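Protein chains in written order, with the numbering used here: chain A, 50 to 400; chain B, 50 to 400. See structure below.
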């Protein structure tokens, strides 16, 4: 049967093949020629186009071998972030207070206005950065936007990272904060939000909470989650050298995870939550972009959630690479992304 | 500011750039080297892997110049489909009756069991095939699955195609069937389903219905819709030579649309519905795959719908090229796709 006859053909006679691993099926690999990608413009704001047309992140292949090397880079990067943080706080109209909750460092972010129906709600934020980047207040930018654009009180977890601590320290700290919050706030009124490693943490926190017999939160918002750090996920290949932030599955983020994991099995659902059992998860909204290296691992997570009967929504932005929907609060697509998340929390928290 | 400092950085200082067309921004084009894509296997059934690892559709660059050429190809292809149609009907447990409704040829498909709550519901199906392929009963495969897997009565529109008729004949016929159906069925009990050109038609029908002052249907399910036939959509580039069905924006489907449009403006929302005003649209569920050449034009349609306040859900299958979720009823992902659509119709029809 000629393949022309099976285009769009639902009733095609299909020779079932047995599943083979990537290693076994290299003969079936698809060879894609070099190509030139114009900057997409339709339905994309000029501000977002500027991010999309930026050259490849020149540091994508910084393959640090030690936690100290990673931290030295993180410190320089964080100093850069901090230069813009007061402007962001001002635009968001939020106040920020550094505190500790049961020994874990957090930033408590309060917007100038909270809608009456959100006054008893709390969002816990886990920042991104491959488990090694954005120490201290530099990790709060997404939390500031969640508070300022979404009008919720947000607690951003300044979880321990290498070289201070390794897996599962980030998760332990985040779950400690959750336990602390639900002493005074009904669990159904609590949402989790985070992007990249922070997106993975929102799911890992649910897995760990269930393990420990804790009640489920009301909803979660995993943004382009690092849901599989074992290099499975087709977009690791299709979007290689297309995503201008992560660029490659063999880049700085992979090196970072290996430092954080410190030899722990990367397939553990507490590091690769797509491998976890998602039955009983709270409603989830997932966000990614068509050029995102983690496009596959976002949609795989949504499929796993929905196969487990969970109400899981998916937002995919045209042309965006990894996490670009939360780079700048002044970009229309950023307002849109946090508008979607806030509406989702509004619909599900408390119920 | 070094780009390393803006990775994941929400507060980055952003130099706004003015929007430029693709033609103007070729200097900003991203050069992507040749690559080899292994067959993705994680969370993908062996049956679907067989479709994913098939070589590029050898007929992707059949660039027919006349309607007669296209029809000659369509007839051969349809004959191939028809060889499998009885088996599909048997597996789906449906009966099929050829009829006309107000002069339009249709196939009325009735499943052996219809849940009591679905007895007063009707799904109108518009088949795919770039507005020139799958004449006659060969166009019913997706409708058979919708009826058999989703347990709804389905009316599949055998709309006129070139060389018999040109734009807007397909749309006219589909809207005629809708008008006929709502003589006896409340509009809120009617759903529209279709893939590719059929997915675009589900949206074009809503635009046309609103234009004519007709009531809205209860819900629509645009599958990987040809929502923009002007070659806008980033995945036309990123998934070029990656999608093994459509392969290229300059392939058979583009040639087909030009034949159907017969000189009509391709940007007209009745040919490129992403350009339409989507306020007041019924709830929608959209389906695509990460390798789909129409990934962008599916997610753009979802964004447009949600920006217009419409409840629009998105399903993206890992590794799939264009329309592969509806190639074979025996594939687990096909059951999953129609399960999602049926559940969505179940939630929204009648309300």
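We put the CB at the ideal spot given by N, CA and C, even for glycine. Source: prediction; values computed, not measured.
Listed along chain B are 85, 86, 87, 88 and 102, each with a C-beta nearer than 9 Å to that of residue 78 of chain A. Scanning the region 177 to 262 of chain B for uninterrupted beta strand (DSSP E) segments of 3 residues or longer gives 202 to 206 and 239 to 244, listed from N- to C-terminal end. When C-alpha distances from residue 127 of chain A are compared across A/185, A/82 and A/378, the shortest belongs to A/185. Residues of the region 321 to 345 of chain A with a C-beta atom less than 8 Å from some C-beta of chain B are 323, 339, 340, 344 and 345, listed in chain order.
The beta carbon of residue 250 of chain B lies closer than 7 Å to those of 175, 219, 220, 223 and 243 in the same chain, with the five residues before and after it left out. Residue 234 of chain A is positioned such that its CB atom lies no closer than 8 Å to that of residue 153 of chain A.
Rounded to whole angstroms, the Cβ separation of residue 323 of chain B and residue 276 of chain B is 4 Å, and the two are in contact under 8 Å. A check of alpha carbon separations from residue 110 of chain B across B/190, B/162 and B/304 identifies B/304 as the nearest.
For residue 287 of chain B, the neighbours in chain A by C-beta distance under 8 Å run, in chain order, 86, 287, 288, 291, 339 and 340.
Nearest in C-alpha terms to residue 293 of chain B, of all of B/380, B/204, B/258 and B/339, is B/339. Shown here, residue 150 of chain B sits in a strand according to DSSP, grouped into three states. At least 8 Å separates the CB of residue 164 of chain A from every CB of chain B. Straight-line spacing of the CA atoms in residue 105 of chain B and residue 207 of chain A works out to 48 Å. At a cut-off of 8 Å between C-beta atoms, residue 314 of chain A does not count as an interface residue with respect to chain B. Contact annotation for residue 250 of chain B against chain A: no contact, minimum CB-CB distance about 14 Å [criterion: below 9 Å]. Burial is judged here by how many other beta carbons sit within 10 angstroms of a residue's own beta carbon; residue 211 of chain B has at least 16 and is buried. Interface with chain B (8 Å Cβ-Cβ cutoff): residue 200 of chain A is excluded. By the C-beta density criterion, residue 266 of chain B is buried, having at least 16 other C-beta atoms within 10 angstroms.
Each residue's CA atom was taken as its position, placing residue 178 of chain A and residue 248 of chain A some 10 Å apart. Between the C-alpha atoms of residue 171 of chain A and residue 148 of chain A there is a straight-line separation of about 16 Å. By DSSP's assignment, residue 85 of chain A forms a beta bridge with B/80.
Among the bridge pairs identified by DSSP, residue 362 of chain A is matched with A/334. Burial of residue 345 of chain A is indicated by the presence of at least 16 other C-beta atoms within 10 angstroms of its C-beta. It is roughly 9 Å from the alpha-carbon of residue 228 of chain A to the alpha-carbon of residue 151 of chain A. Here residue 174 of chain A carries a strand assignment [DSSP, helix/strand/coil]. The beta carbon of residue 82 of chain B falls within 8 Å of a beta carbon belonging to chain A, placing the residue at that interface.
Between residue 308 of chain A and residue 393 of chain A, the C-beta gap is not smaller than 8 Å, which leaves the two residues out of contact. Rounded to whole angstroms, the gap between the alpha carbons of residue 377 of chain A and residue 131 of chain A is 14 Å. Inter-residue distance for residue 188 of chain A and residue 145 of chain A is about 13 Å (C-alpha atoms, whole angstroms).
Against residue 365 of chain B, the close residues of chain A are 348, 363 and 365, in the order they occur along the chain (beta-carbon pairs closer than 7 Å).
The beta-carbon distance between residue 205 of chain B and residue 158 of chain B, rounded to whole angstroms, is 6 Å. This is short enough to meet the 8 Å contact definition. Taking all protein chains shown into account, residue 125 of chain A has fewer than 16 neighbouring C-beta atoms within 10 Å of its C-beta and is therefore exposed.
When secondary structure is reduced to three states using DSSP, residue 143 of chain B falls in the strand class. Closest in alpha carbon position to residue 135 of chain A, among A/356, A/194, A/256 and A/386, is A/194. Residue contact with chain A for residue 174 of chain B: absent (no Cβ-Cβ distance below 8 Å to any residue of chain A).
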